[in-house]
Amino acid sequence: MKKTKRTVNQVLNRLRQEYPQAGTRLKWNSVFELLVATILSAQTTDNQVNHITESLFQQYNKPEDLAVLTPEQLEPWIKGCGLYRNKARHIIEASRMIIDRFRGQVPDTLEELMELPGVGRKTANVILSVGFGKPGLAVDTHVQRVSSRLGFTKSNNPEQTELQLKSLIDSQDWGMAHHLLIWHGRNCCQARKPKCTQCPLADLCPASTG
15 MKKTKRTVNQ VLNRLRQEYP QAGTRLKWNS VFELLVATIL SAQTTDNQVN
65 HITESLFQQY NKPEDLAVLT PEQLEPWIKG CGLYRNKARH IIEASRMIID
115 RFRGQVPDTL EELMELPGVG RKTANVILSV GFGKPGLAVD THVQRVSSRL
165 GFTKSNNPEQ TELQLKSLID SQDWGMAHHL LIWHGRNCCQ ARKPKCTQCP
215 LADLCPASTG
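All residue numbers for the sequence shown refer to this note's numbering, where the first residue is 15 and numbers rise by one.
Pasting the structure below:
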C-alpha cells in the first residue's frame, strides 16, 4: 500500500506539471448554477452545456425560477443535451426539494446532495469539491479508465473505484486528482488510441505500450 501511495503521489505531481490549468470547464456563478450544469453534463460535452446555460441562466438561475416550471417549459431550453427530458424533470424536482427541504440552499453533504433528483455520487462529489471546496472525488469514465490502467483500482464499479482512490490519496487532494485524471484521459490516455509514446506517466503505467 505504501508503494502504491508513493506511486500515486508521483503520478499526481507529474500531472500537475503537465496540466497546471486543470479544473472544471463548466461555467457557473453560484453553487446552484453548478448543480444544474453538472446534471446537464451527463452524456454531454462541457462545451455544449456551457452553450445551453449561457442563455438558460440569463432567464433561470435560482431554485425559485425553475421550481415553478413544468418539464415541457424547460425542455426547449436544454434540448441540445442528451436525455434532456429526464434532465428537465430532475432539475425542476431538485429545485423544489432545495426550496422545501433545504431552505433554498444547495446542501453541502454527500448524503443530502444525493437526495436530490438527478444527483448521484459523481454529481454530488463534483458539487462538494468544486462548489463548496470540500473533499470530494468524482469518478467519471476518464477517471475510471486512467486509474484502472495505472493499476490504482481493481474494480469497474465507479463507487468502488472512488473508495479505492480515496484510500490512496489525501483528502485535501481528492478534487484536484479528479480534474487531473480527467484532463489526462481527455488529452493523452484516451479510450481507443492512448498516446502512450507521449505519456509523461509511461514509466509508471503497467498498461503502457510506450
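Just so it is clear, CB atoms sit at the ideal spot from N, CA and C, and this is done for glycine as well.
Quick one: measure Cβ to Cβ for residue i and residue j, integer angstroms, because I've assumed they're closer than 8 Å.
| i | j | result |
| --- | --- | --- |
| P132 | S143 | Note that residue 132 is Gly in the sequence shown, not Pro. Their Cβ separation, rounded to whole angstroms, is 18 Å, which puts G132 and S143 out of contact at 8 Å. |
| I53 | H104 | 6 Å |
| I196 | V140 | So it is not a contact: roughly 11 Å between Cβ atoms. |
| W91 | L124 | Not a contact, Cβ separation roughly 29 Å. |
| I106 | L83 | 6 Å |
| C95 | Q119 | 25 Å between Cβ atoms; not a contact. |
| L40 | N23 | Contact flag wrong, Cβ pair sits at about 28 Å. |
What did DSSP end up calling residue i once you bin it into helix, strand or coil?
| i | result |
| --- | --- |
| Y33 | coil |
| D122 | coil |
| M111 | helix |
| P85 | helix |
| R99 | helix |
| V25 | helix |
| T223 | coil |
| C213 | coil |
| N43 | coil |
| L152 | Before going further, note that residue 152 is Ala rather than Leu in the sequence given. The answer is coil: DSSP assigns A152 none of H, G, I, E or B. |
| V140 | helix |
Answer with buried or exposed for residue i, where buried requires no fewer than 16 other C-beta atoms within 10 angstroms of its C-beta.
| i | result |
| --- | --- |
| P220 | exposed |
| T59 | exposed |
| A205 | exposed |
| K101 | buried |
| S181 | exposed |
| T211 | exposed |
| G12 | Lying before the first or after the last residue shown, residue 12 is absent from the chain, which here runs from 15 to 224. |
What are the complete alpha helix (DSSP H) segments, minimum 4 residues, inside the stretch 50 to 82?
-> With a minimum length of 4 residues, the continuous alpha helix (DSSP H) runs that stay inside the stretch 50 to 82 are 60 to 73 and 77 to 81.
Sequence ranges, alpha helix (DSSP H) only - wholly within the stretch 157 to 207, length at least 4 | Counting only runs that start and end inside the stretch 157 to 207, the alpha helix (DSSP H) elements of at least 4 residues fall at 172 to 182 and 188 to 201.
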